[in-house]
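Trainee:
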Amino acid sequence: NAGVTQTPKFRVLKTGQSMTLLCAQDMNHEYMYWYRQDPGMGLRLIHYSVGEGTTAKGEVPDGYNVSRLKKQNFLLGLESAAPSQTSVYFCASTDGAGHQPQHFGDGTRLSIL
Amino acid sequence: ILNVEQSPQSLHVQEGDSTNFTCSFPSSNFYALHWYRWETAKSPEALFVMTLNGDEKKKGRISATLNTKEGYSYLYIKGSQPEDSATYLCAFIGTGNQFYFGTGTSLTVIP
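Chains as they are written, first to last, in my numbering: chain A, 224 to 336; chain B, 16 to 126.
1. Leaving out five residues on either side along the sequence, give the residues of the same chain with a beta carbon under 6 Å from the beta carbon of Ser316 of chain A.
2. When you compare the CB positions of Leu268 of chain A and Gly286 of chain A, do they come within less than 7 Å of one another, or not?
3. With respect to the beta strand (DSSP E) encompassing Met255 of chain A, which residues constitute its N-terminal and C-terminal limits?
4. Taking C-beta to C-beta, are Leu122 of chain B and Leu26 of chain B nearer than 7 Å?
5. DSSP state of Ala320 of chain A, grouped into three classes?
6. For Met264 of chain A, which residues in chain B fall below 8 Å Cβ to Cβ?
7. Can you list the residues of chain B that Tyr312 of chain A reaches, using a CB-CB cut of under 8 Å?
8. I think Thr261 of chain A touches Ser310 of chain A, with their Cβ atoms under 8 Å apart; what is that distance to the nearest whole Å?
9. What are the boundary residues of the beta strand (DSSP E) that includes Arg267 of chain A?
10. What residues of chain A sit near Thr83 of chain B, judged by a beta carbon separation below 9 Å?
11. Going by DSSP in three states, Glu30 of chain B sits in which element: helix, strand or coil?
12. Compare the Cα-Cα distances from Lys294 of chain A to each of A:Pro284, A:Asp318, A:Ser307, A:Gly300 and report the closest residue.
13. Between the region 44 to 74 of chain B and chain A, which residues of the former have CB atoms less than 7 Å from a CB of the latter, in chain order?
14. Within the same chain, show all residues whose beta-carbon is closer than 7 Å to that of Thr230 of chain A, passing over the 5 residues directly before and after it, in chain order.
15. I'd like the span of the beta strand (DSSP E) that includes Ser121 of chain B, first residue to last.
16. Is Phe114 of chain B close to chain A, meaning its C-beta is less than 7 Å from at least one C-beta of that chain?
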């Protein structure tokens, strides 16, 4: 049982480049989330989705876009990467919003030079 | 943006000691509170989901309590073991479906 899978695990980009992070879950969860984790800041919510075809902004959405075309996949896009987006990105999914625990992927370490 | 505070930021205890940490959150618009255990180089794993004022949850040597009226939750570890070393995160979930994580308490258990 794979759970939540994030690809890639590591990536180095140059400023201005674009890329997409993929999150896939095999638990048929409705809710999916993208977070970034920075030293001393904890996990901060970037965007989330409450179902296929729906997305919403979280605490720190600027510079990111997301799509949820299929229930099992949640994509996070950086259109023009900036050094401030250097971070570790975590995806999570859950079946029942706040009344069920979140299941996390292993993270993607992204460096923007 | 909501303020979820955890204290202390870090803690070193001797093996066998019992310890506790605090998570403080807004007392309004409460929906749920989560506790997660996060080991280095791994992803966070859920410990407890708490939804009602006065909730008490227990898993082995770890337990948690919840006071939604005053906006705090305590996590207790009884008889700490080296394998308990990790960062413990709490997350406040408000009625708007967004998750707000604290910055965590880093626990080191010294053998």
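The C-beta atom is built at its ideal place from N, Cα and C for all residues, glycine as well.
Mentor: Checking against the coordinates, here is how it stands:
1. By 1-based counting over the first sequence, the position of residue 316 of chain A is 93. Cβ neighbours of Ser316 of chain A beyond the five flanking positions: Val227, Gln248, His252, Met255, His326.
2. Looking up residue 268 of chain A in the first sequence gives position 45. Looking up residue 286 of chain A in the first sequence gives position 63. Contact: no.
3. Taking the first sequence and counting its residues from 1, the one referred to as residue 255 of chain A is at position 32. Its beta strand (DSSP E) spans residues 254 to 261.
4. Numbered from 1 along the second sequence, position 107 holds the residue referred to as residue 122 of chain B. Numbered from 1 along the second sequence, position 11 holds the residue referred to as residue 26 of chain B. Yes.
5. Walking along the first sequence from the start, residue 320 of chain A turns up at place 97. It is helical.
6. Locating residue 264 of chain A in the first sequence gives position 41, where the first residue counts as 1. Identification of chain B residues near Met264 of chain A by a Cβ-Cβ cut-off of 8 Å yields Thr118, ordered along the chain.
7. For the purposes of this step, residue 312 of chain A is taken as residue 89 along the first sequence, with counting starting at 1. Chain B residues near Tyr312 of chain A: none, gap ~12 Å exceeds 8 Å.
8. As a first step, residue 261 of chain A must be located in the first sequence, where it is residue number 38. As a first step, residue 310 of chain A must be located in the first sequence, where it is residue number 87. Checking the sequence, you will find Asp at residue 261 of chain A rather than Thr. Sure, about 5 Å apart at Cβ, within 8 Å.
9. Indexing the first sequence from 1 puts residue 267 of chain A at position 44. Where Arg267 of chain A is concerned, the enclosing beta strand (DSSP E) starts and stops at 265 to 274.
10. As a first step, residue 83 of chain B is located in the second sequence; it is residue number 68 there, counting from the start. Chain A residues near Thr83 of chain B: none, gap ~13 Å exceeds 9 Å.
11. Locating residue 30 of chain B in the second sequence gives position 15, where the first residue counts as 1. Glu30 of chain B sits in coil when the DSSP states are folded into three classes, being neither helix nor strand.
12. Position 71 of the first sequence, counted from the start, is the residue given in the question as residue 294 of chain A. Shortest Cα-Cα distance from Lys294 of chain A to any of A:Pro284, A:Asp318, A:Ser307, A:Gly300 involves A:Asp318.
13. When CB distances to chain A are screened at a threshold of 7 Å, the residues of the region 44 to 74 of chain B falling below it are Tyr46, Ala47, His49, Ser58, Pro59, Ala61, Val64, Thr66, in chain order.
14. For the purposes of this step, residue 230 of chain A is identified with residue 7 of the first sequence, where counting begins at 1. So the list reads Leu245, once near-sequence residues are dropped.
15. Locating residue 121 of chain B in the second sequence gives position 106, where the first residue counts as 1. First-last of the beta strand (DSSP E) with Ser121 of chain B: 120 to 125.
16. Translated into positions along the second sequence, residue 114 of chain B becomes position 99. Proximity of Phe114 of chain B to chain A, defined by a Cβ-Cβ separation below 7 Å, is satisfied.
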